[in-house]
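Have a look at the structure below before the remarks.
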Amino acid sequence: MDGVLTDTSAKAAAESWLGDFAAVLASGDAARLAALFAHECHWRDILAFTWDLHTISGASAIAERMVPVVTRLAPRGLKLAAGRTPPRPVKRAGTDAIEAIFTFETTVGPCNGVVRLVSEGGKPRAWTLLTALDEIRGHEDPANGRRWQDVDWKRNFGGENRADRRRMAVAYEDRDPAVLVVGAAQAGLMIAARLGMLGVDTLAIDREKRIGDSWRRRYHALTLHNETRVNHFPYMPFPRSWPVFIPKDMLANWFELYAEAMELNVWTATELVAATYDEAAKRWTVTLRRGDGSERIMHPRHVVFCNGVSTIPKTPDLAGLGDFQGPVRHSGEAGSGSDWKGKRALVLGTGTSGHDVAQDLVVSGAAEVTIIQNSPTLVVSLKEAQAPYALYDEDISFEDCDLIATSFPYPIYARAHQNITRMNAEADRKLLEGLKKRGFKLTSGADGTGWQIMYQNRGGGYYFDAGCSQMIVDGRVDLIPFADIERFCAEGARLKDGTVKGADLIVLATGYEGQKEAVRPVLGDETTERIGPVWGFDAEGELAGMWRPTGQPGLWFLAGGLAQCRIFSKVLALQIKARELGLIA
5 MDGVLTDTSA
15 KAAAESWLGD
25 FAAVLASGDA
35 ARLAALFAHE
45 CHWRDILAFT
55 WDLHTISGAS
65 AIAERMVPVV
75 TRLAPRGLKL
85 AAGRTPPRPV
95 KRAGTDAIEA
105 IFTFETTVGP
115 CNGVVRLVSE
125 GGKPRAWTLL
135 TALDEIRGHE
145 DPANGRRWQD
155 VDWKRNFGGE
165 NRADRRRMAV
175 AYEDRDPAVL
185 VVGAAQAGLM
195 IAARLGMLGV
205 DTLAIDREKR
215 IGDSWRRRYH
225 ALTLHNETRV
235 NHFPYMPFPR
245 SWPVFIPKDM
255 LANWFELYAE
265 AMELNVWTAT
275 ELVAATYDEA
285 AKRWTVTLRR
295 GDGSERIMHP
305 RHVVFCNGVS
315 TIPKTPDLAG
325 LGDFQGPVRH
335 SGEAGSGSDW
345 KGKRALVLGT
355 GTSGHDVAQD
365 LVVSGAAEVT
375 IIQNSPTLVV
385 SLKEAQAPYA
395 LYDEDISFED
405 CDLIATSFPY
415 PIYARAHQNI
425 TRMNAEADRK
435 LLEGLKKRGF
445 KLTSGADGTG
455 WQIMYQNRGG
465 GYYFDAGCSQ
475 MIVDGRVDLI
485 PFADIERFCA
495 EGARLKDGTV
505 KGADLIVLAT
515 GYEGQKEAVR
525 PVLGDETTER
535 IGPVWGFDAE
545 GELAGMWRPT
555 GQPGLWFLAG
565 GLAQCRIFSK
575 VLALQIKARE
585 LGLIA
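Quick note on this note's numbering: the sequence shown kicks off at 5 and runs consecutively.
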């Protein structure tokens, strides 16, 4: 590998390493296996060698975890993936490497892999390795085209047609679903689609009257802050004619279209009001309350909570807030800025929602808008915020982009985001310096890892500037540190210097409680605590309790941005299918 890398030499190095890897796996020799890995090395496994998500670092630790399962899983047929992106030289997280996609088989089914090779001692050695289960043999996803092999050419004249069967399927008059999905926004619809394609009977419920209303009801100006090209739904990508950033109502309408096109079983105006788990029967008893007040008791084997990272609004207990004579609204219910033309507003919070609400108020003609900052906030321009998705600009297939995106073990993922954050700060230097002069407190996230890891750790704390930061710099949006406020009062906010900042409206852009707190009223304290941590990184750098087993059998969570939900809905669906087949106890 020494010298200038070409596509030809990259392919030769990848084939050589894969051949050695296959031979060592067959031998079960831990020392030889460890020798195939670089001094710094990480292995991320997604269901291929374990029925979970794990990241192991260090050659000896990798060999120790991998060798014992080789006999049971019998990995074989390791080869470069036909028809996919060929091995190529890349720079990832500042390191030059050869990146190669490969395939292999186990006793469970076909798997995909991504290896990144660096040169050490004149030989290619693995810096990072991903192994991921693709399908369960005998239960493949029919979307791959196999559905046409057994097509029924008959027509049922005089009998039930497809619409009749769909009505009966959705009604659940004669059966219970195997899986109950709570929440029918992006996460709920995607996991319902994945499970449906695997033949797992799934009912999704949503408390809203109409699919997509959880997005329609949010503040008027809401538009996605990452680009359409990375946000496609599984099986149904967005039309190429769609805008770069999707407005909330457009996305909400897509939810309805998707549910219909994918023939998903969805009950709207339905709420989960109680749920208990029977350890002996390995099933839930759930009580669903319909829009007409009636209740239905069901016994699914799995409950998937897709209640989102932004679920229960946080409403802090602020001194004097109850004395304020005007309306107090959480940002999720802020509505349109045009409703407050000529009025004064205080917006508490400097994350994305706080900035968006403040900007909407200003451009809609509010007389005075003041944003109140408590904690330091990461600010990155909307353009620079797309940097983590640069992979999707590479000249490779969308499927390969998703696979490669999952292949970064946390230490490398964090390093890449440190590099991105530094580059963003340099590109946005003028804007950030202007904010500092106005007294705005900035952060680059824990260890400088930036906004995406902030999101995955705490669900917020950053803003993609769509114009509000410049409004703060220019003084069109006033800025007050929360520490300067003595208490709220009838007229607005009384500052410690004795002055009063008057307001007709107070908006609390104070974020949301986590998913775990959202399920507590339904599950009760004992079951909720059994779940364990949800969201945030565990010791291996995997998201805790998310799209993987929790401490409560039969209970799962899926949440995140559209790209996360698209990728990991498949991971979750495979785990549930494996349990339905008895492959996992």
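In this text, a Cβ means the ideal position worked out from N, Cα and C, and glycines have one as well.
All of these numbers come straight from a predicted model, not from anything done at the bench.
**Request:** For Lys-574, collect the residues of the same chain with a Cβ closer than 6 Å to its Cβ; drop the 5 residues on either side in sequence, then sort them by chain order.
**Result:** As a first step, residue 574 is located in the sequence shown; it is residue number 570 there, counting from the start. Correct list, in chain order: Arg-198.
**Request:** On a CA-only basis, which of Leu-382, Phe-106, Thr-291, Ala-284 is nearest Lys-440? Give me that one, please.
**Result:** Within the sequence shown, the letter at position 436 stands for residue 440. It is Leu-382 whose Cα lies nearest to the Cα of Lys-440.
**Prompt:** Going by C-alpha distance, which of Ala-101, Gly-32, Thr-232 is nearest Val-73?
**Reply:** Walking along the sequence shown from the start, residue 73 turns up at place 69. The shortest C-alpha separation from Val-73 is found at Gly-32.
**Prompt:** Which residue from Phe-486, Asp-508, Val-277 puts its Cα closest to that of Ala-494?
**Reply:** In the sequence shown, the residue the question calls residue 494 occupies position 490. Checking every option, the nearest Cα to that of Ala-494 belongs to Asp-508.
**Item:** For Tyr-466, the residue or residues it bridges with in DSSP
**Value:** Here residue 466 refers to the residue found at position 462 when the sequence shown is read from its first residue. For Tyr-466, which the question treats as bridged, DSSP gives the partners Leu-382.
**Collapsed DSSP secondary structure at Met-2 in the structure displayed** = Here the chain has residues from 5 to 589 only, and residue 2 is not among them.
**Prompt:** DSSP state of Gln-377, grouped into three classes?
**Reply:** As a working note, residue 377 is residue 373 in the sequence shown. In the structure shown, Gln-377 sits in a strand (DSSP, three-state: E or B).
**Prompt:** Hey, is the segment 457-470 in contact with the segment 354-370, meaning 3+ C-beta pairs nearer than 8 Å?
**Reply:** yes
**Asked** Near Val-71, what residues of its chain come up, given a Cβ to Cβ distance below 7 Å and the 5 sequence neighbours on each side ignored?
**Response** Position 67 of the sequence shown, counted from the start, is the residue given in the question as residue 71. Only Gly-32, Ala-34, Leu-37 meet the Cβ criterion.
**Request:** Consult DSSP for Phe-259 and reduce its assignment to one of helix, strand or coil.
**Result:** Numbered from 1 along the sequence shown, position 255 holds the residue referred to as residue 259. Reduced to three states, the DSSP call for Phe-259 is helix.
**Asked** What residues in its chain sit with their C-beta under 6 Å from that of Ala-104, if we drop five residues either side in the sequence?
**Response** Taking the first residue of the sequence shown as position 1, residue 104 is located at position 100. Hits under 6 Å: Ala-18, Pro-91, Val-119.
**Message:** Within the continuous beta strand (DSSP E) that includes Val-481, where are the two ends?
**Reply:** One-based indexing of the sequence shown puts residue 481 at position 477. First-last for Val-481: undefined, no H or E at that position.
**Message:** Quick check: the segment 285-304 against the segment 536-545, are at least 3 beta-carbon pairs closer than 8 Å?
**Reply:** no
**Asked** Could you give the residue range of the alpha helix (DSSP H) that holds Ser-357?
**Response** Taking the first residue of the sequence shown as 1, we reach residue 357 at position 353. From DSSP, the alpha helix (DSSP H) with Ser-357 extends over 356-367.
**Prompt:** By DSSP, does Lys-345 sit in helix, in strand, or in coil?
**Reply:** Numbered from 1 along the sequence shown, position 341 holds the residue referred to as residue 345. Lys-345 falls in the coil class under three-state DSSP.
**Prompt:** Taking C-alpha atoms, which residue in Ala-285, Glu-68, Lys-345 lies nearest to Val-366?
**Reply:** Taking the sequence shown and counting its residues from 1, one reaches residue 366 at position 362. Considering only alpha carbons, the answer is Lys-345.
**Prompt:** Just the Cα atoms here: how many angstroms apart are Leu-255 and Asn-311?
**Reply:** To locate residue 255, count along the sequence shown from 1; it is residue 251. To locate residue 311, count along the sequence shown from 1; it is residue 307. Answer to the nearest angstrom: the Cα atoms are 17 Å apart.
**Prompt:** Tell me which same chain residues have a C-beta within less than 6 Å of the C-beta of Gln-329, skipping the five on either side of it?
**Reply:** Here residue 329 refers to the residue found at position 325 of the sequence shown. Excluding residues within five positions, the ones whose Cβ falls inside 6 Å are Ala-494.
**Item:** Candidates Arg-211, Ile-140, Leu-22, of which the one nearest Ala-273 by Cα
**Value:** The residue you call residue 273 lines up with position 269 of the sequence shown. The candidate whose alpha carbon is nearest that of Ala-273 is Arg-211.
**Message:** Rounded to the nearest angstrom, what separates His-58 and Tyr-516 at their Cα positions?
**Reply:** Counting from one through the sequence shown, the residue named residue 58 turns up at place 54. Counting from one through the sequence shown, the residue named residue 516 turns up at place 512. Each residue's alpha carbon lies about 28 Å from the other.
**Prompt:** What three-state label does DSSP hand Phe-402 in the structure shown?
**Reply:** Counting from 1 along the sequence shown, the entry for residue 402 is found at position 398. Helix.
**Message:** Can you give me the C-alpha to C-alpha distance between Val-270 and Gly-496, rounded to a whole angstrom?
**Reply:** Here residue 270 refers to the residue found at position 266 when the sequence shown is read from its first residue. Here residue 496 refers to the residue found at position 492 when the sequence shown is read from its first residue. If you take the alpha carbons of Val-270 and Gly-496, they lie about 44 Å apart.
**Asked** Just how far apart, CA to CA, sit Ser-385 and Gly-471?
**Response** For this step, residue 385 is matched to residue 381 along the sequence shown. For this step, residue 471 is matched to residue 467 along the sequence shown. For Ser-385 and Gly-471, the distance between alpha carbons rounds to 9 Å.
**Prompt:** Is the segment 184-197 in contact with the segment 296-310, if contact means three or more CB pairs nearer than 8 Å?
**Reply:** yes
**Asked** Is DSSP giving Glu-103 helix, strand or coil here?
**Response** Within the sequence shown, the letter at position 99 stands for residue 103. Looking at Glu-103 - three-state DSSP - the assignment turns out to be strand.
**Asked** On the three-state DSSP scale, how would you describe His-224?
**Response** Taking the first residue of the sequence shown as 1, we reach residue 224 at position 220. If DSSP states are grouped into helix, strand and coil, His-224 belongs with coil.
**Asked** How is Asn-461 classed by DSSP in three states: helix, strand or coil?
**Response** Here residue 461 corresponds to residue number 457 of the sequence shown, with the count starting at 1. Correct three-state label for Asn-461: helix.
**Request:** Helix, strand or coil for Lys-15, going by three-state DSSP, please let me know.
**Result:** What you label residue 15 is simply residue 11 of the sequence shown in a count that begins at 1. Lys-15: helix per DSSP, three-state reduction.
**Request:** Within the segment 122-194, note down every full alpha helix (DSSP H) run reaching 4 residues or more, in order along the chain.
**Result:** 166-175
**Request:** Report buried or exposed for Arg-552, applying the criterion of at least 16 other Cβ atoms within 10 angstroms of its Cβ.
**Result:** Along the sequence shown, read from residue 1 onward, the residue named residue 552 stands at position 548. Its Cβ being crowded by 16 or more others within 10 Å, Arg-552 is buried.
**Request:** Thinking Phe-249 and Leu-228 are a contact (beta carbons under 8 Å), I'd like their distance in whole angstroms, please.
**Result:** In the sequence shown, counting from the first residue as 1, residue 249 sits at position 245. In the sequence shown, counting from the first residue as 1, residue 228 sits at position 224. Confirmed, about 5 Å.
**Prompt:** How about Val-526 and Leu-207: are their beta carbons less than 8 Å apart?
**Reply:** Locating residue 526 in the sequence shown gives position 522, counting from the first residue. Locating residue 207 in the sequence shown gives position 203, counting from the first residue. The answer is no: Cβ separation not under 8 Å.
**Asked** DSSP beta-bridge partners for Arg-498?
**Response** Counting from one through the sequence shown, the residue named residue 498 turns up at place 494. In the DSSP output, where bridge partners are listed per residue, Arg-498 has Arg-491, Val-504.
**Asked** Going straight from the alpha carbon of Thr-514 to that of Thr-374, what length do you get?
**Response** By 1-based counting over the sequence shown, the position of residue 514 is 510. By 1-based counting over the sequence shown, the position of residue 374 is 370. Looking at the two C-alpha atoms, the distance is approximately 15 Å.
**Request:** Within its chain, find whatever has a CB closer than 8 Å to the CB of Ile-588; leave out the 5 residues flanking it on each side and keep chain order.
**Result:** The residue labelled residue 588 in the question sits at position 584 within the sequence shown. Answer for Ile-588: Trp-55, Gln-579, Ala-582, listed in chain order.
**Prompt:** Regarding Pro-525 and the ligand ADP, is the C-beta to nearest heavy atom distance less than 7 Å?
**Reply:** Absent from the structure shown: the ligand ADP. Ligands present: none.
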